[in-house]
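Engineer: The structure follows.
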Amino acid sequence: MNPRQTRVAIVGAGIVGAACAAALAREGFRVIVLDHRPAGSGATAAGMGHVTVMDDSEAQFALCRYSQSLWDALAPSLPESAEFTRYGTIWVAADDEEMAEVHRKERHYAERSLESRALTREELAAMEPNLCGGMAGGLLIPGDSVVYPPVVAQFLLGTAGRLGTEVRTDARVVALNGGEVKLDDGTRVEADFCLNAAGTSATELTPDLEIRPRKGHLVITDRYPGFVNHQLLELGYLKSAHGSDGDSVAFNVQPRPTGQLLIGSSRQFGAEGGAVEHRMIHRMLARATTYMPGLAGLSVIRTWTGFRAATPDSLPFIGPHADDPKLLIAAGHEGLGITTSLATAELIVDHVLGRESKIPTAPYLPSRSLVAAHHG
Ligand SMILES: Cc1cc2nc3c(=O)[nH]c(=O)nc-3n(C[C@H](O)[C@H](O)[C@H](O)COP(=O)(O)OP(=O)(O)OC[C@H]3O[C@@H](n4cnc5c(N)ncnc54)[C@H](O)[C@@H]3O)c2cc1C
1 MNPRQTRVAI VGAGIVGAAC AAALAREGFR VIVLDHRPAG SGATAAGMGH VTVMDDSEAQ
61 FALCRYSQSL WDALAPSLPE SAEFTRYGTI WVAADDEEMA EVHRKERHYA ERSLESRALT
121 REELAAMEPN LCGGMAGGLL IPGDSVVYPP VVAQFLLGTA GRLGTEVRTD ARVVALNGGE
181 VKLDDGTRVE ADFCLNAAGT SATELTPDLE IRPRKGHLVI TDRYPGFVNH QLLELGYLKS
241 AHGSDGDSVA FNVQPRPTGQ LLIGSSRQFG AEGGAVEHRM IHRMLARATT YMPGLAGLSV
301 IRTWTGFRAA TPDSLPFIGP HADDPKLLIA AGHEGLGITT SLATAELIVD HVLGRESKIP
361 TAPYLPSRSL VAAHHG
């Protein structure tokens, strides 16, 4: 395969499509990116930008960990406006039962060479004085960071552009297969590979992908520098993030380099439309103030919603479609798509080049969704 003679059409200019474009262009592929909206304005603009390692499964851990190393390598070349900051994460344990989970996670991470450290009640209180007293402790993950995702998406597309990638943000795609993309004005874009990176809309173009939109609300405050020093999450977040199908909220607060606080988070399947639902904001803030009562005195300047692209097993679809090997999929990243975008791009490039990836790719292959569908 000669990349210079191989054309790849990417549908979607979110962070996943942008990362894929930059990585493919770096290898010399002829790339075109098609979107009907400005780059990075889908879920990428709505997300929290926490670059973190989650461990629902070994495959999720492997993808996050690989991607985090790519973020660390990319960080020095990012513009200041990308706001890459290594705040570290603290998983807050409210009681002794959650503290037992802290120690389990600490051992689990140590076995996988991820740095983490259990914090005593006193250490936690000293590091985050605005947390309510009486928390049992926490787990510090010093390597986690935050970014401003839409700026990174634009930066990656800029990188790809300088390497010859064409980016169109006036192109609504109505159909695609491995050999061509069809636009709503009837024109066709031919390619050797087509990549569906359309986020929650990926399933409109490739209907056999099992992706459900999962709504989330976020709140941002005015500037309060030093109020919070790490990304803080309750350990119960793990249950709400991936466990139930019902509406859920969890304490999740992120410091921004501007001094603002980003407060999340909520998860809802089956929500109609993107309107801000005040009952969800109320539930979310009530949860947050249970952990951090002083938040109640801060002023909120904006609330918004976004949709995560959720798959049945909480792993994204990355790789060729089972029935059309030239049709590639990079979608379904749910609440980790900022984190895992860079590794996703490397897996896509490895596949197109026919070279082995740094992590096993089987857990992310889209064919697992089709297998599930074919067997009811
Ligand atoms: C509230 C919330 C908080 C989050 N927090 C985090 C976090 O802290 N850390 C983290 O790692 N992840 C987080 N995420 C998840 C993350 O934001 C997403 O996984 C990620 O942005 C997905 O990127 P994407 O490129 O796949 O999708 P998108 O950004 O949605 O991009 C898809 C693009 O495809 C385009 N498109 C769709 N259909 C068509 C079509 N027919 N024709 C042309 N273009 C089309 C869209 O216009 C869009 O630009 C969060 C998400 C939400 C909603």
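Numbering-wise, this note's numbering puts 215 at position 215 of the sequence shown, and it's gapless, one number per residue. Beta carbons are placed, not taken as given, at the ideal position from N, Cα and C, and that holds for glycine. Just so it is clear, the structure is predicted and the values come from calculations on it, not from any experiment.
For a test of your reading of the model: does the CB of residue 137 fall under 7 Å from any non-hydrogen atom of ligand 1? Yes or no.
Structural biologist: Here the question's residue 137 lines up with position 137 in the sequence shown. Checking every heavy atom of ligand 1 against the Cβ of residue 137, none is found closer than 7 Å.
Engineer: Measuring only from the beta carbon, is residue 333 closer than 7 Å to any heavy atom that is part of ligand 1?
Structural biologist: Stepping through the sequence shown from its first residue, residue 333 is reached at position 333. Result yes, Cβ under 7 Å from ligand 1.
Engineer: Could you compute how far the alpha carbon of residue 108 sits from the alpha carbon of residue 361?
Structural biologist: Numbered from its first residue, the sequence shown carries residue 108 at position 108. Numbered from its first residue, the sequence shown carries residue 361 at position 361. Roughly 22 Å between the two C-alpha positions.
Engineer: What first and last residue would you give for the beta strand (DSSP E) that runs through residue 198?
Structural biologist: As a working note, residue 198 is residue 198 in the sequence shown. Note, residue 198: premise wrong, no beta strand (DSSP E); not H, not E.
Engineer: From the DSSP output, in three-state form, read off residue 113 for me.
Structural biologist: By one-based count along the sequence shown, residue 113 stands at place 113. Residue 113 falls in the coil class under three-state DSSP.
Engineer: Any idea what DSSP makes of residue 79, helix, strand or coil?
Structural biologist: To locate residue 79, count along the sequence shown from 1; it is residue 79. Three-state DSSP puts residue 79 in coil, outside helix and strand.
Engineer: Closer than 7 Å by C-beta to residue 353: which residues in its own chain qualify, once you throw out the five before and the five after it? Chain order, please.
Structural biologist: Taking the first residue of the sequence shown as position 1, residue 353 is located at position 353. Cβ within range, chain order: 1 and 27.
Engineer: Does the distance between the C-beta of residue 171 and the nearest non-hydrogen atom of ligand 1 fall short of 7 Å?
Structural biologist: Here residue 171 refers to the residue found at position 171 when the sequence shown is read from its first residue. Yes, since a heavy atom of ligand 1 falls inside the 7 Å radius drawn around the Cβ of residue 171.
Engineer: Using a Cβ-based criterion (distance less than 7 Å to any ligand heavy atom), does residue 218 qualify as near ligand 1?
Structural biologist: As a position in the sequence shown, residue 218 is number 218, starting the count at 1. Yes, the Cβ of residue 218 comes within 7 Å of a heavy atom of ligand 1.
Engineer: Candidates 231, 210, 93 and 257: which alpha carbon is nearest residue 225's?
Structural biologist: Counted from its first residue, the sequence shown places residue 225 at position 225. Closest by alpha carbon: 257.
Engineer: Please return the same chain residues whose Cβ sits closer than 6 Å to the Cβ of residue 303, not counting the five positions on each side in sequence.
Structural biologist: Residue 303 sits at position 303 when you count from the first residue of the sequence shown. Hits under 6 Å: 219, 276 and 281.
Engineer: In the DSSP output, what is residue 11 paired with across the bridge?
Structural biologist: As a first step, residue 11 must be located in the sequence shown, where it is residue number 11. Answer by DSSP bridge pairing, in chain order: 34 and 196.
Engineer: Just curious, the beta strand (DSSP E) that residue 220 is in, first and last residue?
Structural biologist: As a working mapping, residue 220 is identified with position 220 in the sequence shown. Residues 212–223.
Engineer: Straight-line CA distance for residue 284 to residue 96?
Structural biologist: Working through the sequence shown from its first residue, we reach residue 284 at position 284. Working through the sequence shown from its first residue, we reach residue 96 at position 96. The alpha-carbon atoms of residue 284 and residue 96 are separated by roughly 24 Å.
Engineer: Is the stretch 57–68 touching the stretch 310–324, taking contact as three or more C-beta pairs under 8 Å?
Structural biologist: Contact between the stretch 57–68 and the stretch 310–324 is present, because at least three Cβ pairs lie under 8 Å.
Engineer: With DSSP run on the structure shown, which of helix, strand or coil describes residue 126?
Structural biologist: Locating residue 126 in the sequence shown gives position 126, where the first residue counts as 1. In this structure, residue 126 counts as helix in the three-state DSSP scheme.
Engineer: Could you check which residue in 9, 318, 278 and 322 has the C-alpha nearest to that of residue 160?
Structural biologist: As a working mapping, residue 160 is identified with position 160 in the sequence shown. Ranking the options by Cα distance to residue 160, first place goes to 9.
Engineer: Rounded to the nearest angstrom, how far is the Cβ of residue 13 from that of residue 39, given a contact under 8 Å?
Structural biologist: The count along the sequence shown starts at 1 and reaches residue 13 at position 13. The count along the sequence shown starts at 1 and reaches residue 39 at position 39. So it is a contact: roughly 4 Å between Cβ atoms.
Engineer: Consider the C-beta atom of residue 280 and the heavy atoms of ligand 3; say whether any pair is separated by less than 7 Å.
Structural biologist: Ligands present in the displayed structure are limited to ligand 1, and ligand 3 is not among them.
Engineer: On the premise that residue 34 lies in contact with residue 189, defined as a C-beta separation below 8 Å, what is that separation, rounded to the nearest angstrom?
Structural biologist: Walking along the sequence shown from the start, residue 189 turns up at place 189. Walking along the sequence shown from the start, residue 34 turns up at place 34. The Cβ separation is near 7 Å, so the contact holds.
Engineer: Under 8 Å, with one C-beta from each stretch per pair, do the stretch 78–95 and the stretch 133–146 reach the 3-pair mark?
Structural biologist: Touching, yes.
Engineer: Just to check, is the beta-carbon of residue 221 closer than 7 Å to a non-hydrogen atom of ligand 1?
Structural biologist: For the purposes of this step, residue 221 is taken as the residue at position 221 of the sequence shown. Every heavy atom of ligand 1 is 7 Å or more from the Cβ of residue 221, so no.
Engineer: Reducing DSSP to helix, strand and coil, say where residue 272 ends up.
Structural biologist: Within the sequence shown, numbered from 1, the residue matching residue 272 stands at position 272. Note: residue 272 maps to coil in three-state DSSP.
Engineer: Measuring alpha carbon to alpha carbon, tell me which of 51, 17 and 25 ends up nearest residue 338.
Structural biologist: In the sequence shown, residue 338 corresponds to position 338, counting from 1. The option with the nearest alpha carbon to residue 338 is 51.
Engineer: Give the straight-line distance between the Cα atoms of residue 318 and residue 333, rounded to the nearest whole angstrom.
Structural biologist: Here the question's residue 318 lines up with position 318 in the sequence shown. Here the question's residue 333 lines up with position 333 in the sequence shown. Approximately 9 Å between the Cα atoms of the pair.
Engineer: With DSSP run on the structure shown, which of helix, strand or coil describes residue 377?
Structural biologist: Not covered by the structure: residue 377. The range shown for the chain is 1 to 376.
Engineer: Is it buried or exposed, residue 128, if we count other Cβ atoms within 10 angstroms and call 16 or more buried?
Structural biologist: Within the sequence shown, residue 128 is the residue found at index 128, counting from 1. It is buried - the Cβ of residue 128 has at least 16 other Cβ atoms within 10 Å.
Engineer: Leaving aside the five residues before and after residue 79 along the sequence, list all residues of the same chain whose C-beta is less than 8 Å from its C-beta, in chain order.
Structural biologist: Along the sequence shown, one-based indexing puts residue 79 at 79. The answer, listed in chain order, is 151 and 155.
Engineer: Quick check: is any heavy atom of ligand 1 less than 7 Å from the C-beta of residue 311?
Structural biologist: Taking the first residue of the sequence shown as position 1, residue 311 is located at position 311. Checking the Cβ of residue 311 against ligand 1 gives no.
Engineer: Spell out a yes or no on whether the stretch 191–211 and the stretch 322–332 are touching, meaning 3 or more CB-CB pairs, one atom from each, closer than 8 Å.
Structural biologist: Touching, yes, given that three or more Cβ pairs across the two stretches are closer than 8 Å.
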